[in-house]
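Numbering (this note's numbering), first residue to last: 80 to 1258. Notes follow once the structure below has been shown.
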Amino acid sequence: MRVLYLSPMRLTKLKLSGFKSFVDPTTVPLPSSLVGVVGPNGCGKSNIIDAVRWVMGESSAKHLRGDSMADVIFNGSTSRKPVGQATVELVFDNSDGSLGGQYANYSEIAIKRTVTRDGQSIYHLNGTRCRRRDITDIFLGTGLGPRSYAIIEQGTISRIIEAKPEELRVFLEEAAGISKYKERRRETENRIRHTRENLDRLNDLREELDKQLAKLQRQAKTAERYKVLKEEERLLRAQLQALRWKGVDEQAKQSDNKIREQETALEGAVAKQRHIETEIEQQRGQHTEASDTFNEVQSRFYSIGADIARLEQSIQHARERRTQQDQDLQQIEKDWNDAQVHVEADRKRIDELEAGLKTIEPDLQNAEQREQSANEALQRAEQAMQEWQQAWDDFNQQSAEPARQADVERTRIQHLEQKLTQLQQRLEKAEESLQQQSPERLQQEVEQLQQQLEQTGETVSQAQQALTDKQEQITTLRESSHQVNTDLDQARSRLQDLRGRSASLEALQQAALGKDEGAVNDWLSGQQLQDAPRLAEEMEVDTGWERAVECVLGAHLEAVCVAGVDPLADMLGSLQEGTLTLFDTNAPGPAGAAQHGTPLLEKVRAPWQLDALLGGIYAAESLAEALALRAQLAAHESVVTREGIWLGANWLRVVKDQEQDQKTGILKREQELKSLDSQIQEENARVQALQEQMEQERERLRELEQERDEAQAQLNQASRRQAEQQTDLKARQGQMEQVQARQQALQTEQQELRAEMERDQQELQASRGRLQEHLDTMSGLEQQREQLNSRRDELRQALEEARTQAQQMRSEAHEIKLRAEKERTELNSTRQALERLNNQLTQLSGRREELQKALAESEAPLKEMEQELADKLDKRVAVETELGEARQAMEAIEHQLRELEEQRVAAEQTAQTLRGELEQIRISQQEFTVRRQTLEEQINESGFTLAQLLEELPGEAEVSQWQEHVEQLEAKIQRLGPINLAAIEEFEQQSERKAYLDAQNEDLVQALKTLEEAIHKIDKETRTRFKETYDKVNSGLKDLFPRLFGGGHAYLEMTGEDLLETGVTVMARPPGKRNSTIHLLSGGEKALTAVALVFAIFELNPAPFCMLDEVDAPLDDANVTRYCDLLQHMSDRTQFIFITHNKVTMEVANHLTGVTMHEPGVSRMVAVDVDEAAKLASA
80 MRVLYLSPMR LTKLKLSGFK SFVDPTTVPL PSSLVGVVGP NGCGKSNIID AVRWVMGESS
140 AKHLRGDSMA DVIFNGSTSR KPVGQATVEL VFDNSDGSLG GQYANYSEIA IKRTVTRDGQ
200 SIYHLNGTRC RRRDITDIFL GTGLGPRSYA IIEQGTISRI IEAKPEELRV FLEEAAGISK
260 YKERRRETEN RIRHTRENLD RLNDLREELD KQLAKLQRQA KTAERYKVLK EEERLLRAQL
320 QALRWKGVDE QAKQSDNKIR EQETALEGAV AKQRHIETEI EQQRGQHTEA SDTFNEVQSR
380 FYSIGADIAR LEQSIQHARE RRTQQDQDLQ QIEKDWNDAQ VHVEADRKRI DELEAGLKTI
440 EPDLQNAEQR EQSANEALQR AEQAMQEWQQ AWDDFNQQSA EPARQADVER TRIQHLEQKL
500 TQLQQRLEKA EESLQQQSPE RLQQEVEQLQ QQLEQTGETV SQAQQALTDK QEQITTLRES
560 SHQVNTDLDQ ARSRLQDLRG RSASLEALQQ AALGKDEGAV NDWLSGQQLQ DAPRLAEEME
620 VDTGWERAVE CVLGAHLEAV CVAGVDPLAD MLGSLQEGTL TLFDTNAPGP AGAAQHGTPL
680 LEKVRAPWQL DALLGGIYAA ESLAEALALR AQLAAHESVV TREGIWLGAN WLRVVKDQEQ
740 DQKTGILKRE QELKSLDSQI QEENARVQAL QEQMEQERER LRELEQERDE AQAQLNQASR
800 RQAEQQTDLK ARQGQMEQVQ ARQQALQTEQ QELRAEMERD QQELQASRGR LQEHLDTMSG
860 LEQQREQLNS RRDELRQALE EARTQAQQMR SEAHEIKLRA EKERTELNST RQALERLNNQ
920 LTQLSGRREE LQKALAESEA PLKEMEQELA DKLDKRVAVE TELGEARQAM EAIEHQLREL
980 EEQRVAAEQT AQTLRGELEQ IRISQQEFTV RRQTLEEQIN ESGFTLAQLL EELPGEAEVS
1040 QWQEHVEQLE AKIQRLGPIN LAAIEEFEQQ SERKAYLDAQ NEDLVQALKT LEEAIHKIDK
1100 ETRTRFKETY DKVNSGLKDL FPRLFGGGHA YLEMTGEDLL ETGVTVMARP PGKRNSTIHL
1160 LSGGEKALTA VALVFAIFEL NPAPFCMLDE VDAPLDDANV TRYCDLLQHM SDRTQFIFIT
1220 HNKVTMEVAN HLTGVTMHEP GVSRMVAVDV DEAAKLASA
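Here it is as structure tokens:
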């Protein structure tokens, strides 16, 4: 006997629970290398293969013969409820460590998958939860997988041969172990794509960073110079603040003296006010005493009034109570008389009911006796009916056998008649099919298909040309879009530079116009002037004359333009510090005067008259011209040159660059800001235009790509139609060869059908004779049946009469009982009502006596209360007179209080006026104090101390002198232009970032080179393995095909030159045939060819196990024998689990496993070890 199951990594058992029809936990043992699974159709055999495919990672419900993944869970049957989850587990023997890697040390490998109705799948590997990918990675290169060649279901064996070349290549790749290389190649390609994308982004960053570094280096040098000047400016500003603090401190001391004088005057006014308040307090004391007297008299008056009201109310209540008692007494008398009448009526009714009960009791006894007699007669009739039923059952049992035999014959006759009808229909159908076999029609179809194929070829060529044209248009448009994108980036960069320059100049202009002075800005905000323009912002000066106008106007350039100065004059006192200049835009210009030259006003344009500022000032192109004009100038006139040299009749002023103050360059800067705004708008418009153009080109690109996709779809559709027509053409050619064989088969089928119809006619006649014999026997038993039916009718009539009599007697007795019970109930209720009436009479008598007594006693108190009321009315008249006298005394005191209060208010107003003046002086004092504290805080924030600064300052130091030094230093700082203080640190950071990006670039380039080398190695290894596998499988197919067919030949053929992409086709010619394509073979020939191909693959790379589902179904006995021999030959290296209905195949199995379905919808396992059974049989 052959050694069983010594190959590595064999499947030892399969565990199922809740999977399809295997609802109960089931274990399928697989102890040998040839395991057969048998059982009737529909019992669940194929569910075993579905379970193996599913647990190995199958994710498509269609490949599991379902609509959704939840269909693999048992959904219930007629006797079973649905379950909530399905579990399948595969157990492998890995004792020799053939499964390498981290699982080589495990002698047993268990793979389990669980799914619940919510669609969640859980995988376990040796009891540890894992991913689906971990499961598929284990089987890469082993030939196993959810859709590998090692699992062949019903119909799959023929689909392998008819598969497309690309699909057939997959089986060879799995046999060659290329699948894991393809997975690695896919991952490597993804990494290469990501690396190149990262490299492109990195290069863009590096180019942008190079531009930023050059710019930051220049800004950093300027920032260093700026820091030195700002440190010098900080010291000068601190000294200036110390000088200002000294002046404020002197003003604060003068304010202290004024406060002391004002406080003395206030104390005198307060003393006078206190004297008046003392007199007011004395009058208030007298007013309190008068008020107490008035309140006491008023209290007595109100008390007497309350007593009068109480007595009047009591008298009214007593009278109303007597009236109510009279009414109650009358009602009680009426109720007492009514109760007497009801008592007499109830007593009479009780006597009548007692007499009626004595009459009913004898009738009730007689009715009960008659009911008992009727029930006894009914029992006797029912006993007779039961005896007849027993006799009837015995008769039916005796007569049932002939009827059953007759039914059997009728069924047989019906079956034979139906069969004859079917045979007649098959015969007619065969004759019709024989007439329909027309080779001429097929020949016409072949010619039509050839013409259609030529037309489709032309369509494919046209579609290919259209696709090429669209691709060229897309390439051209992409190049154009790239150029537009480059222009857009440049425009955005220019726009950013312009905005940066504008922001820097705007900040300098704000500072130069004094918009950063906190106290002045606060005052302007309080007057709603924070948005008012400055004079320099509204002026336009001819080119080249900016310096001359700045020299003349000076600080007036930052003047705030307002519509009238007079309304703001009263508010200037609230301005605590700072310098403020206002320009009245509504002021009229002065009258014209004689002119000696070109007025400077002609060089300046503004919305308002500037004569008040520039009147009497002339413009000269050069100093010589100005000197010539000087002799003609009046005392208030002057002349200024283009360079800013300003001359008067007896004075001259020159301002050079190194001596310019903070206001230098305001007008030129304002003009540059306006120019920059215009450039920014133009550049912004250009950016928007480029963006719109970019969007239009992108839209056009999307349209072209859509048109390209449509052209590609048309090409694909035409190609598919061409392939379909080629397939149809080959199919029609094959049909023509099959027509003659089909005609011969139909003629043979007609002869067989006629012979079978003759046999069925003979059997039909015999069945009809047997049916007649059984019908005669049934006729003899019919007379006995009629006698029994007659006896049944008599017994039924007697039983019905007895039941009617018993029911009548029962009804009469029940009626008498109800009448007696009704009278007893009425008697009891009447007695209870009588007792209640007696109790009511007793209560009414008692209540009547109480009311009579109360009426007699209430007469005397009423007269006493009326006398007391008259006394109280006399007392109220006397107290009312006393109350009027007390009110007059209190009003006189109140008049004196009002006069004193008016005097106190006047004194208080005088004191309040003095206090307000004092408070105003104190506010001024507080203002000086706040200013001193503010200056001290500003000095401390600058990092210096006040004492140190005052000590270091020279004695002749003045605020104006130090202010001029500060302004000169600020001018130097402004000439540096926009300052980016963060440029130093940012330059260092960006330099470090540049070095880091350069290192990253080198790493990415090296990584890309490594990945491309890996792709090259993978492709080389894939080509080598695929070519070797192809040659070996081809050789094995050439060897196995003649063994299975007893001759003929078969081979593999590549469809392309590239070993990485080429498809594979199969060509097979059985002995004696010269077919041009594999599709012309019969179903059995295709199945046997597929078996040869699969076993050739197994010869090269045997999978741990192979599952075959009814592969031998289309094979005849001779081919099944060859198929079984091949199974036995290869079982030494591969474990085979096959499902079959063929007895020849069952004989080769070492272990048979049966699947049954005793319970509808539920599969169970029955296993038999063939070798053990043989030993038992021989024993």
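Cβ coordinates follow ideal geometry from the N, Cα and C atoms, glycine included. Computed from a predicted model, the values in this text were never measured in an experiment.
* **N- and C-terminal bounds of the alpha helix (DSSP H) containing F218** => To locate residue 218, count along the sequence shown from 1; it is residue 139. Start and end: R211 to F218.
* Asked: Which residues mark the beginning and the end of the beta strand (DSSP E) in which H1044 is found?
  -> On the sequence shown, position 965 is the one that residue 1044 refers to. No beta strand (DSSP E) holds H1044; the alpha helix (DSSP H) holding it covers V1038 to R1054.
* Delimiting residues of the alpha helix (DSSP H) encompassing F1174 -> Your numbering for residue 1174 matches position 1095 in the sequence shown. G1162 to L1179 is the span of the alpha helix (DSSP H), which, as asked, contains F1174.
* DSSP bridge partner residues for G115 (one or two, in chain order) -> To locate residue 115, count along the sequence shown from 1; it is residue 36. DSSP, once it has assigned bridges, lists F1217 and L1231 as partnering G115.
* Whose C-beta lies closer than 8 Å to the C-beta of D807 among residues of the same chain, with five residues either side of it excluded? -> For the purposes of this step, residue 807 is taken as the residue at position 728 of the sequence shown. Within the same chain, D807 has close Cβ partners L528.
* Enclosing alpha helix (DSSP H) for H1208 [first to last residue] -> Along the sequence shown, one-based indexing puts residue 1208 at 1129. Here the alpha helix (DSSP H) through H1208 covers D1196 to M1209.
* Output the boundary residues of the alpha helix (DSSP H) element that contains S125. => Your numbering for residue 125 matches position 46 in the sequence shown. Per DSSP, S125 belongs to the alpha helix (DSSP H) from K124 to V134.
* **Whole alpha helix (DSSP H) elements within the region 621-664, 4-residue minimum** => 625-632 and 645-648
* Take C209 as the anchor and find which of L874, F218 and R192 has the nearest alpha-carbon. => Here the question's residue 209 lines up with position 130 in the sequence shown. Closest by alpha carbon: R192.
* N-terminal and C-terminal residue of the alpha helix (DSSP H) that K1222 is part of -> Here residue 1222 corresponds to residue number 1143 of the sequence shown, with the count starting at 1. It spans K1222 to E1226 - the alpha helix (DSSP H) in which K1222 sits, taken as one unbroken run.
* Asked: G623 CB to nearest chain C CB: under 8 Å?
  -> Absent from the structure: chain C. Only one protein chain is present.
* To do: Using alpha carbons as the reference points, say which of D407, R316 and F373 lies closest to T1024.
  => The residue you call residue 1024 lines up with position 945 of the sequence shown. Out of D407, R316 and F373, R316 has the C-alpha closest to the C-alpha of T1024.
* Mind checking W730: buried by the 16 CB within 10 Å criterion, or exposed? -> Within the sequence shown, numbered from 1, the residue matching residue 730 stands at position 651. So W730 counts as exposed.
* Near W133, what residues of its chain come up, given a Cβ to Cβ distance below 8 Å and the 5 sequence neighbours on each side ignored? -> Within the sequence shown, numbered from 1, the residue matching residue 133 stands at position 54. For W133, where only same-chain residues beyond five positions count, the Cβ hits under 8 Å are F98, L143, V151, V167, R192 and P225.
* Check the DSSP bridge columns for Y1109 and list the partner residues they point to. => Taking the first residue of the sequence shown as 1, we reach residue 1109 at position 1030. Answer is none; Y1109 lacks a bridge partner.
* Asked: Grouping DSSP H, G and I as helix and E and B as strand, with all else coil, what is L726?
  -> Locating residue 726 in the sequence shown gives position 647, counting from the first residue. In the structure shown, L726 sits in a strand (DSSP, three-state: E or B).
* Asked: Run through DSSP, which three-state label would M1236 get?
  -> Translated into the one-based positions of the sequence shown, residue 1236 becomes position 1157. It is coil, neither helix nor strand.
* 8 Å contact criterion, which G115 and F1217 should meet: CB distance rounded -> Counted from its first residue, the sequence shown places residue 115 at position 36. Counted from its first residue, the sequence shown places residue 1217 at position 1138. 6 Å between Cβ atoms; contact.
* Using three-state DSSP, classify A699 as helix, strand or coil. => Reading the sequence shown from its first residue, position 620 is the one you call residue 699. A699 falls in the strand class under three-state DSSP.
* To do: May I ask you to report which of helix, strand or coil DSSP gives R89?
  => As a position in the sequence shown, residue 89 is number 10, starting the count at 1. Strand, per DSSP.
* Asked: What did DSSP end up calling Y1075 once you bin it into helix, strand or coil?
  -> The residue given as residue 1075 occupies position 996 in the sequence shown. Note: Y1075 maps to helix in three-state DSSP.
* Asked: Identify the residues that DSSP records as bridge partners of R208: which are they?
  -> If you number the sequence shown from 1, residue 208 lands on position 129. DSSP output for R208 lists H203 as bridge partner(s).
* **Contacting residues, own chain, Cβ-Cβ under 6 Å from T676 (five flanking each side not counted)** => Numbered from 1 along the sequence shown, position 597 holds the residue referred to as residue 676. Reading off the sequence shown, one finds Gly at residue 676, where the question assumed Thr. Contacts found: Y697 and L708.
* Have a look at Q841 and L499 and give me their C-alpha separation to the nearest angstrom. => Your numbering for residue 841 matches position 762 in the sequence shown. Your numbering for residue 499 matches position 420 in the sequence shown. Going by the C-alpha atoms only, they are around 11 Å apart.
* To do: Pick helix, strand or coil for F1066, following the three-state DSSP scheme.
  => As a working mapping, residue 1066 is identified with position 987 in the sequence shown. It is helical.
* Assuming L281 contacts N1080 (C-beta within less than 8 Å), just tell me the rounded distance between them. => Residue numbering aside, residue 281 sits at position 202 when the sequence shown is read from its first letter. Residue numbering aside, residue 1080 sits at position 1001 when the sequence shown is read from its first letter. With a Cβ gap of about 6 Å, L281 and N1080 count as contacting.
* Flag this pair as touching only if the region 858-872 and the region 534-554 have three or more C-beta atom pairs under 8 Å; answer yes or no. => no
* Check whether the Cβ atoms of V1227 and D1196 lie closer than 8 Å to each other. => Within the sequence shown, residue 1227 is the residue found at index 1148, counting from 1. Within the sequence shown, residue 1196 is the residue found at index 1117, counting from 1. The answer is no: Cβ separation not under 8 Å.
* **Environment of P1149 [buried if 16+ CB atoms lie within 10 Å]** => As a working mapping, residue 1149 is identified with position 1070 in the sequence shown. Buried.
* Separation of N795 from D1137, as counted between CA atoms -> On the sequence shown, residue 1137 is found 1058 positions in, with the first residue counted as 1. On the sequence shown, residue 795 is found 716 positions in, with the first residue counted as 1. Using only the alpha carbons, I get a separation of about 22 Å.
* Residues bridged to Q164 by DSSP? -> On the sequence shown, residue 164 is found 85 positions in, with the first residue counted as 1. T195, per the DSSP bridge assignment.
* Backbone secondary structure at R705 - three-state DSSP -> The residue you call residue 705 lines up with position 626 of the sequence shown. Correcting the residue identity first, residue 705 is Ala in this sequence and not Arg. Residue state, collapsed to three classes: helix.
* To do: Check whether the region 997-1004 touches the region 330-340, taking contact to mean three or more Cβ pairs, one atom from each stretch, closer than 8 Å.
  => yes
* Asked: Thinking C-alpha only, which one of A699, N665, A705 and H715 is nearest P686?
  -> The residue given as residue 686 occupies position 607 in the sequence shown. When only C-alpha atoms are compared, the closest one is N665.
* Asked: How many angstroms separate the CA atom of F1184 from the CA atom of Q805?
  -> Here the question's residue 1184 lines up with position 1105 in the sequence shown. Here the question's residue 805 lines up with position 726 in the sequence shown. Whole-angstrom Cα-Cα distance: 38 Å.
* Which first and last residues belong to the alpha helix (DSSP H) in which E1030 is found? -> Position 951 of the sequence shown, counting from 1, holds the residue named residue 1030. Note, E1030: alpha helix (DSSP H), L1025 to E1031.
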